[in-house]
Amino acid sequence: MKVQCMTCKKHSEIDSKHPQYQKLKRGESKIFVCSSCNKNIQGQASADTNINVNDLDQHDAILRRK
Ligand SMILES: [Zn+2]
């Protein structure tokens, strides 16, 4: 089955072993994200979480100094 990644717009071929294949075939889902974009999205999400944690630590350190 030919699918297009919604993020990078690259076309790729997936087979029935692909986790998203059945949903796409039944029309339950039209959204496909290739594995490299999936990793990027997850990487960004964890990077954002790290930034938030660091911000909280900095606020906490400032509050403790006062
Ligand atoms: Zn992609």
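First residue of the sequence shown: 168, per the numbering used here; consecutive thereafter. Ideal Cβ positions, reconstructed from N, Cα and C, are used throughout, including at glycine. If you're wondering where the values come from, they're calculated on a predicted model, not measured in any experiment.
Length of the line joining the Cα atoms of residue i and residue j
| i | j | result |
| --- | --- | --- |
| His178 | Ala212 | 24 angstroms |
| Gln189 | Ala214 | 31 angstroms |
| Lys192 | Lys184 | 12 angstroms |
| Lys206 | Val200 | 10 angstroms |
| Gln171 | Asp182 | 14 angstroms |
| Cys195 | Gln187 | The identity of residue 195 in the sequence shown is Glu, whereas the question assumes Cys. Between Glu195 and Gln187, the C-alpha separation is close to 10 angstroms. |
| Ile208 | Glu180 | 21 angstroms |
| Ser202 | Leu230 | 42 angstroms |
| Gly210 | Cys175 | 16 angstroms |
8 angstroms contact criterion, which residue i and residue j should meet: CB distance rounded
| i | j | result |
| --- | --- | --- |
| Met173 | Ile198 | 5 angstroms |
Opposing strand residues paired with residue i [DSSP bridges]
| i | result |
| --- | --- |
| His185 | His185 pairs with nothing; no bridge assigned. |
| Lys169 | Glu180 |
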